[in-house]
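Engineer:
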Amino acid sequence: GTTVLQRRSHPEVLELQVNLSFALFWLTPRLGRFMDENPGVQLNMATSVWHEERPHHPASMQIVFGLGKQEGINGRRLTRDSIFPVCTPKVAKQIKSLDDLPKQRLFDLPGTAQSWGAWLKAHPEGGTMAAPTVHRASTWALSVEWAQRGLGVALAHETIANDLLATGQLVRPFDFSIPLKEAYYLIAPEGTRTRHASKVFKEWLLREMAVFVG
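If you want it as structure tokens, here you go:
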């Protein structure tokens, strides 16, 4: 498929509809490798946050975030993440114990199945803590950016945080985590006009994801 695409005088268009946080934190840092391997593919990417924001007409391929009720039927699960707090190293120095956490600004999303209350309830020392005040953003692109700016502590998961943790931009003030109920799913509708481009992208994506999850 890659050889066919490279020989074409006109690029084949690959339409992608991708969850915004996945596109920003996971896909973008790796996208150059796909472009280098597939110069015959023209990429058109649109981003969304929640299901209601996705277009009614199907894209060639979609990467969506959800509980798997519909996504799992039509697509392939890509991730199995956990939830944990992240912040800058400077903020982390101010957090000596769990009791210091409510003294910080806490960030998360309004539409996820689990938030700070679930993480604290599961923590061995957090079950009796009062519900904290949480500042909410519609996407991790915002809440994690707030954490990167040193404004407080955000809840995150491996897919969006691991690259930032690896570079030291963010750290985990606590080792404790809980399984994330949602996951990212790859959905490739049948009968698309860009089937060759979709095929090479799917193959590349699954290879990259296999390396990422180890």
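Residue 202 in my numbering sits at position 202 of the sequence shown, with consecutive numbering throughout.
The beta carbon of each residue, even a glycine, is placed where N, CA and C say it ideally should be.
Would you tell me roughly how many angstroms separate the C-alpha atoms of residue 142 and residue 159, rounded to the nearest one?
Structural biologist: Rounded to the nearest angstrom, the two C-alpha atoms are 15 angstroms apart.
Engineer: What three-state label does DSSP hand residue 38 in the structure shown?
Structural biologist: Three-state result, residue 38: coil.
Engineer: Let me confirm a value: residue 83 is counted as buried when at least 16 other C-beta atoms fall within 10 Å, else exposed. Which label applies?
Structural biologist: Looking at its Cβ environment, which holds 16 or more other Cβ atoms inside 10 Å, residue 83 is buried.
Engineer: Helix, strand or coil: how does DSSP classify residue 209 here?
Structural biologist: Note: residue 209 maps to helix in three-state DSSP.
Engineer: Taking the DSSP output, what are the residues bridged to residue 62?
Structural biologist: The partner list for residue 62 (beta bridge, DSSP) reads 17, 187.
Engineer: For residue 85, which three-state DSSP category applies?
Structural biologist: Residue 85: strand per DSSP, three-state reduction.
Engineer: Am I right that residue 110 and residue 136 are in contact with their C-beta atoms under 8 angstroms? What's the rounded C-beta distance?
Structural biologist: Going by Cβ atoms, the distance from residue 110 to residue 136 rounds to 5 angstroms, so yes, they are a contact pair.
Engineer: Helix, strand or coil for residue 180, going by three-state DSSP, please let me know.
Structural biologist: DSSP places residue 180 in coil when its eight states are reduced to three.
Engineer: Is residue 169 close to chain D, meaning its C-beta is less than 8 angstroms from at least one C-beta of that chain?
Structural biologist: You won't find chain D in this structure, because it holds only one protein chain.
Engineer: Let me confirm a value: residue 113 is counted as buried when at least 16 other C-beta atoms fall within 10 Å, else exposed. Which label applies?
Structural biologist: Exposed, because fewer than 16 other Cβ atoms sit within 10 Å of the Cβ of residue 113.
Engineer: To the nearest whole angstrom, what separates the beta carbons of residue 201 and residue 34, a pair I think is in contact under 8 angstroms?
Structural biologist: Indeed, because the Cβ distance is near 7 angstroms, the residues count as touching under 8 angstroms.
Engineer: What is the residue span of the alpha helix (DSSP H) that residue 122 lies within?
Structural biologist: It spans 116-122 - the alpha helix (DSSP H) in which residue 122 sits, taken as one unbroken run.
Engineer: Taking a contact to mean a Cβ-Cβ separation below 8 angstroms, would you say residue 85 touches residue 173 in this structure?
Structural biologist: In this structure, residue 173 lies closer than 8 angstroms to residue 85 by Cβ.
Engineer: Spatial neighbours of residue 192 within its chain, please: C-beta separation below 7 angstroms, excluding the five flanking residues on both sides.
Structural biologist: Any reading at residue 192 needs caution, since the residue's pLDDT is 47, under 50, leaving its predicted position unreliable; the model's value is listed next. Only 60, 198 meet the Cβ criterion.
Engineer: Just verifying my parser: in three-state terms, what is the DSSP assignment at residue 231?
Structural biologist: Nothing in the structure corresponds to residue 231, since the chain is present only between 1 and 214.
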